[in-house]
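In what follows, a structure is listed as structure tokens, so that the remarks can point back to it.
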Amino acid sequence: MHIDGAPVRSCAMPISAVTTVQKIVTIEGLSSDGSHPVQKAWLALDVPQCGYCQAGMIMSAAALLADKPKPTDADIDANVTNICRCGTYNKVRAAIHLAADGLAKS
Ligand code: FES
Numbered sequence: 015m016h017i018d019g020a021p022v023r024s025c026a027m028p029i030s031a032v033t034t035v036q037k038i039v040t041i042e043g044l045s046s047d048g049s050h051p052v053q054k055a056w057l058a059l060d061v062p063q064c065g066y067c068q069a070g071m072i073m074s075a076a077a078l079l080a081d082k083p084k085p086t087d088a089d090i091d092a093n094v095t096n097i098c099r100c101g102t103y104n105k106v107r108a109a110i111h112l113a114a115d116g117l118a119k120s
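Quick note on numbering: the sequence shown equals residues 15 to 120 in the working numbering.
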């Protein structure tokens, strides 16, 4: 999820620690119809395997692209540090670049 625009791992954030939040966005709030460039890129490249980590991956990617519209591989490695047991890292990186291209065209 994003708290005030910053990616936060909801699994490690007790609600009691959330006291001065202006805005919380979960993956359901990223877009109502799957039209966010990151969601579209994920579908285009068939990124998920089991799907367990994917909400966090997508939210981290969206936050990165909001901050850096054309991230390098090093930017992705430094900012999208979510763990994927299925090893989708190469597809995640490719999808972020594809989303960045989509954002550049829109
Ligand atoms: S897709 Fe299975 S843990 Fe990432």
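Built from N, CA and C at the ideal position, the CB exists for glycine as well.
Considering only Ile72, His16 and Ala76, the residue with the shortest C-alpha distance to isoleucine 38 is His16.
Remark: the shortest separation between the CB of glycine 65 and any heavy atom of the ligand FES falls under 7 Å. Assignment of isoleucine 110 by DSSP, reduced to helix, strand and coil, places it in the helix class. Set against 7 Å, the gap from the CB of arginine 23 to the closest heavy atom of the ligand FES is not smaller.
The C-beta separation of glutamine 63 from threonine 102 comes to about 6 Å, placing the pair in contact by the 8 Å criterion. Proline 21 has His16 as its beta-bridge partners, per DSSP. Residues of the same chain with a CB within less than 6 Å of the CB of proline 51, apart from the 5 flanking positions on each side, are Ala113, Gly116 and Leu117 in chain order. Counting only residues of its own chain and dropping the five nearest sequence neighbours on each side, serine 45 has a CB closer than 8 Å to the CB of Gln53. A residue is called buried when at least 16 other Cβ atoms come within 10 angstroms of its Cβ; serine 74 meets this threshold and is buried.
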